[in-house]
Amino acid sequence: MSTSLLPVGHLSPGHDLNGYIQAVNVIPMLTADEERELAFRLHEEGDLEAARRLVLSHLRFVVHIARSYSGYGLPQADLIQEGNVGLMKAVKRFDPNQGVRLVSFAVHWIKAEIHEFVLRNWRIVKIATTKAQRKLFFNLRSAKKRLAWLNNDEVDAIARDLDVKPEVVREMEGRLSAHDAGFDASPGDDEESAWQAPVHFLDDDAADPATQLEDSDWEGDATRRLRLALEELDERSRDILQRRWLSEHKATLHDLADVYGVSAERIRQLEKNAMKKIRLQIGDTLVA
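Take the sequence shown: its position 146, counted from the start at 1, is 146 in UniProt numbering, and no numbers get skipped.
As structure tokens, this is what we get:
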């Protein structure tokens with residue numbers, strides 16, 4: 001059963017988020033017996049109507065989980081959409097014989113899809129690369145009991161709880177606490193503060209003609225390879241990438257779904273496939 005085959009009616013978080021949330025909150029919740037009956041109908045008979053009812057009755061839980069990721073500055077509608085994909089995968093794999101409710105089983109799948117979306121889009125420079133770092137990325141904030149830096153006992157306690165080494169906790173804390181510093185002094189700084197700006201201590205290597213030529217050649221080559229890679233894509237895939245990542249006003253999955261008359265999940269698949277082709281053409285180092 002493909003997730004694209006699970007109809008959820010006219011519900012779509014990308015069109016009217018507030019209206020969507022209100023709509024999913026009034027969908028009746030299933031009793032344990034109703035849920036079990038629908039799950040058996042799906043897995044024994046392939047009943048897509050049963051799948052639809054299982055998905056619809058749990059959309060409110062996806063909204064609840066997605067809200068906990070609002071601090072990453074990503075569109076709430078996209079977070080919910082990714083969570084819905086995880087819910088559909090959970091419905092597909094849910095075994096009513098295990099004696100657990102679907103919501104307990106689905107939490108893992110919902111969070112997994114949202115995690116992947118956040119890690120792909122939160123920062124250009126990847127903050128979490130290893131498995132241990134990815135675990136810390138989503139747990140360290142809630143594990144910290146205060147805003148100050150962690151002391152040794154707290155580091156050790158978090159390391160034990162998350163089954164990682166203390167030095168990994170320290171490294172991730174530094175990454176999460178890092179912030180951008182202005183290169184030049186701010187207009188309101190006093191004379192002493194102004195002279196502490198990095199501009200007064202760092203040499204400007206960019207003035208070196210050899211460095212300028214090297215940078216220009218690299219940027220020109222990267223631009224050329226990206227342009228050629230885009231030209232290799234079909235018109236629809238190229239348009240999706242340009243609107244999603246290269247335009248000043250980036251389109252959402254649902255914006256493009258409306259344009260092409262397909263589901264948001266289909267746009268997501270096309271985007272993913274197009275990015276893979278781009279990476280093969282120009283290399284991972286040029287694609288965030």
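By construction, the Cβ of each residue, glycine as well, lies at the ideal position given by its N, Cα and C atoms.
Backbone secondary structure at residue i - three-state DSSP
{"i": "residue 93", "result": "helix"}
{"i": "residue 70", "result": "helix"}
{"i": "residue 164", "result": "coil"}
{"i": "residue 115", "result": "helix"}
{"i": "residue 151", "result": "coil"}
{"i": "residue 272", "result": "helix"}
{"i": "residue 249", "result": "coil"}
{"i": "residue 226", "result": "helix"}
{"i": "residue 27", "result": "coil"}
{"i": "residue 102", "result": "helix"}
{"i": "residue 16", "result": "coil"}
{"i": "residue 233", "result": "coil"}
Residue interval of the alpha helix (DSSP H) (run including residue i)
{"i": "residue 254", "result": "253 to 260"}
{"i": "residue 242", "result": "Taken as a continuous stretch (DSSP letters only), residue 242 belongs to no alpha helix (DSSP H), as it is neither H nor E."}
Alpha helix (DSSP H) runs wholly inside the region 35 to 62, at least 4 long, in chain order: You should have 48 to 56.
Using 8 Å as the threshold, is the region 38 to 48 in touch with the region 15 to 24, meaning 3 or more CB pairs across them? Contact check between the region 38 to 48 and the region 15 to 24: fewer than three CB pairs, one atom from each, fall below 8 Å, which does not count as touching.
Pair every Cβ in the region 63 to 71 with every Cβ in the region 26 to 43, then say whether three or more of these pairs are closer than 8 Å. The region 63 to 71 is not in contact with the region 26 to 43.
Within 8 Å, do at least three Cβ pairs link the region 269 to 278 to the region 92 to 101? The count of Cβ pairs closer than 8 Å, one atom from the region 92 to 101 and one from the region 269 to 278, stays below three, leaving the stretches out of contact.
Under 8 Å: do the region 81 to 92 and the region 109 to 122 share three or more Cβ pairs, one atom per stretch? Taking 8 Å as the limit for Cβ pairs, the verdict is that the region 109 to 122 does touch the region 81 to 92.
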